[in-house]
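**Student:** Here you go, one structure.
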Amino acid sequence: MKVLITGCAGFIGMHVAQMLLERGEQVVGIDNLNDYYDPKLKLARLQQLNHYQNFRFVQGDIADRQVIDDLFANEKPNRVVNLAAQAGVRYSLKNPHAYIQTNLVGFGNILEGCRHHSVEHLVYASSSSVYGANTHMPFSVHDNVDHPVSLYAASKKANELMAHSYSHLYGLPTTGLRYFTVYGPWGRPDMSPWLFTAAILEDRAIDVFNMGEMRRDFTYIDDIAEGTVRVLDRAATANPSYDNDRPDPSGSYCPFKVYNIGNHQPVELMTFIKTIEDVLGVEAKKNFLPMQKGDVVATYADIEDLKRDVGFEPKTPLTDGIAKWAVWYQSYARL
Numbered sequence: 010m011k012v013l014i015t016g017c018a019g020f021i022g023m024h025v026a027q028m029l030l031e032r033g034e035q036v037v038g039i040d041n042l043n044d045y046y047d048p049k050l051k052l053a054r055l056q057q058l059n060h061y062q063n064f065r066f067v068q069g070d071i072a073d074r075q076v077i078d079d080l081f082a083n084e085k086p087n088r089v090v091n092l093a094a095q096a097g098v099r100y101s102l103k104n105p106h107a108y109i110q111t112n113l114v115g116f117g118n119i120l121e122g123c124r125h126h127s128v129e130h131l132v133y134a135s136s137s138s139v140y141g142a143n144t145h146m147p148f149s150v151h152d153n154v155d156h157p158v159s160l161y162a163a164s165k166k167a168n169e170l171m172a173h174s175y176s177h178l179y180g181l182p183t184t185g186l187r188y189f190t191v192y193g194p195w196g197r198p199d200m201s202p203w204l205f206t207a208a209i210l211e212d213r214a215i216d217v218f219n220m221g222e223m224r225r226d227f228t229y230i231d232d233i234a235e236g237t238v239r240v241l242d243r244a245a246t247a248n249p250s251y252d253n254d255r256p257d258p259s260g261s262y263c264p265f266k267v268y269n270i271g272n273h274q275p276v277e278l279m280t281f282i283k284t285i286e287d288v289l290g291v292e293a294k295k296n297f298l299p300m301q302k303g304d305v306v307a308t309y310a311d312i313e314d315l316k317r318d319v320g321f322e323p324k325t326p327l328t329d330g331i332a333k334w335a336v337w338y339q340s341y342a343r344l
């Protein structure tokens, strides 16, 4: 099987590619290696993948239509995992055009490639951010998500709508995964584990938003990668009992599916910080700040559908995950 992974030099992309390569699949990866954060980290991730003979890398931007047309024509992938995206809620307030280009134009190019080259399953990254102003907990894929509070969230919701239209029009099996606060080795420098760990070790104060009154469904990267691969192996199908009079956003009369993928155990922000402090053996200096625009107070994933359909079961306790993260971070920081 040949799998195309977009954003293969990204955090989740590298781990999903590695898992597929380990089981013997052919993986073609594309990434534009942009400078949203230090490209050296992306290149280091790429080095991990280049050890595999069944991996091939193409540098390119999914928003470039010709690049994607050529990629699909030359590689003819059986399945596609679209993880390329402009990430970050707060950055979307500063540079909205980056999200429109990559998350909307780029995703459109991927859908067209899948349509014209008979791809058997497209799995793509959505986000817990789509829940926006929803307060019903835990967040359920069966609830409507029509009130995003950032352009990033809106672009991810748009991906789900675009995917549904291709599932309806062309019978393309598509599955969206709403990722919940992923952390672990090789994580992103703009996310809280990195920001907190770096500041603590460098004796700088950490920024604690909403005065610490926040909760996140922190999910370890190995659990995320395993869940993603499990979903890739199970192509979306039509729901035979779908009722158009009472539409369920999680599925459809066509081969379309959306899942939450998280730990189903939200953690108080101050508990998360304390876990990092305990692992590092250093108490953090804290700079308490009000809520940021575009952010949400809590995330909490209902993962029952994913458990039922693919047997997904997160296994990594927060203390174990943070310990593994800290070991990797200190090793990488030394390099």
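Convert by adding 9 to the 1-based position in the sequence shown; the result is the number in this note's numbering. By construction, the Cβ of each residue, glycine as well, lies at the ideal position given by its N, Cα and C atoms.
Spatial neighbours of THR328 within its chain, please: C-beta separation below 7 Å, excluding the five flanking residues on both sides.
**Tutor:** As a first step, residue 328 must be located in the sequence shown, where it is residue number 319. For THR328, where only same-chain residues beyond five positions count, the Cβ hits under 7 Å are THR284.
**Student:** Roughly how far, in whole angstroms, is the beta-carbon of ALA26 from the beta-carbon of ILE14, given that I think they are within contact range, below 8 Å?
**Tutor:** Within the sequence shown, the letter at position 17 stands for residue 26. Within the sequence shown, the letter at position 5 stands for residue 14. Contact holds; Cβ gap of about 5 Å.
**Student:** Jot down the residue ranges of each uninterrupted beta strand (DSSP E) in the stretch 120 to 201, minimum 3 residues, whole runs only, in chain order.
**Tutor:** Entirely contained in the stretch 120 to 201, the beta strand (DSSP E) runs reaching 3 residues are, in chain order, 130 to 136 and 183 to 188.
**Student:** In this structure, what does DSSP give as the bridge partners for VAL90?
**Tutor:** If you number the sequence shown from 1, residue 90 lands on position 81. In DSSP, VAL90 forms a bridge with ILE14 and VAL132.
**Student:** Would you list, in sequence order, the uninterrupted beta strand (DSSP E) runs of no fewer than 3 residues that lie entirely inside the stretch 23 to 75?
**Tutor:** The stretch 23 to 75 contains these whole beta strand (DSSP E) runs: 35 to 40 and 64 to 68.
**Student:** Decide yes or no for the touch test of the stretch 218 to 226 against the stretch 297 to 306: beta carbon pairs closer than 8 Å, at least 3 of them.
**Tutor:** A contact exists between the stretch 218 to 226 and the stretch 297 to 306.
**Student:** Is the closest heavy atom of the ligand PLP to the C-beta of ILE331 under 7 Å?
**Tutor:** Absence of the ligand PLP from the depicted structure is noted, as is the absence of any ligand whatsoever, leaving it without description.
**Student:** Taking buried to mean at least 16 other C-beta atoms within 10 Å of its own C-beta, is LEU170 buried or exposed?
**Tutor:** One-based indexing of the sequence shown puts residue 170 at position 161. Looking at its Cβ environment, which holds fewer than 16 other Cβ atoms inside 10 Å, LEU170 is exposed.
**Student:** Taking ASP79 as the reference, give the member of VAL90, ARG88 and VAL67 with the closest Cα.
**Tutor:** The residue labelled residue 79 in the question sits at position 70 within the sequence shown. Residue VAL67 is the option with its Cα nearest to ASP79.
**Student:** Within 10 angstroms of the Cβ of LYS51, are there 16 or more other Cβ atoms? Answer buried if so, exposed if not.
**Tutor:** As a working mapping, residue 51 is identified with position 42 in the sequence shown. Looking at its Cβ environment, which holds 16 or more other Cβ atoms inside 10 Å, LYS51 is buried.
**Student:** Using the C-alpha atoms, what's the distance from VAL306 back to ASN219?
**Tutor:** Here residue 219 is taken as the residue at index 210 of the sequence shown, counted from 1. Here residue 306 is taken as the residue at index 297 of the sequence shown, counted from 1. Using only the alpha carbons, I get a separation of about 8 Å.
**Student:** What is the DSSP secondary structure of GLU292, counted as helix, strand or coil?
**Tutor:** What you label residue 292 is simply residue 283 of the sequence shown in a count that begins at 1. Correct three-state label for GLU292: coil.
**Student:** Hey, could you find the ends of the alpha helix (DSSP H) ILE233 is sitting in?
**Tutor:** By one-based count along the sequence shown, residue 233 stands at place 224. Its alpha helix (DSSP H) spans residues 230 to 241.
**Student:** I'd like to know whether the C-beta atoms of SER174 and TYR108 end up nearer to each other than 8 Å.
**Tutor:** Translated into the one-based positions of the sequence shown, residue 174 becomes position 165. Translated into the one-based positions of the sequence shown, residue 108 becomes position 99. Contact: no.
**Student:** Do SER261 and LEU314 come within 8 Å of each other at the CB atom, strictly closer than that value?
**Tutor:** For the purposes of this step, residue 314 is taken as the residue at position 305 of the sequence shown. For the purposes of this step, residue 261 is taken as the residue at position 252 of the sequence shown. According to the sequence provided, residue 314 is Asp. The question's Leu does not apply to it. No, these two residues do not count as a Cβ contact at 8 Å.
**Student:** For the beta strand (DSSP E) containing ASP216, list its first residue and its last residue.
**Tutor:** In the sequence shown, the residue the question calls residue 216 occupies position 207. Run containing ASP216: 214 to 217, per the beta strand (DSSP E) assignment.
**Student:** Please name the residue in VAL139, GLN75, GLN56 and ILE119 whose C-alpha comes closest to that of VAL267.
**Tutor:** Position 258 of the sequence shown, counting from 1, holds the residue named residue 267. Nearest C-alpha to VAL267: VAL139.
**Student:** May I ask which residues mark the beginning and end of the alpha helix (DSSP H) holding LYS316?
**Tutor:** What you label residue 316 is simply residue 307 of the sequence shown in a count that begins at 1. 313 to 319 is the extent of the alpha helix (DSSP H) around LYS316.
**Student:** Kindly say whether PHE64, judged by its beta-carbon, lies nearer than 8 Å to any beta-carbon of chain B.
**Tutor:** The structure shown contains no chain B; it holds only a single protein chain.
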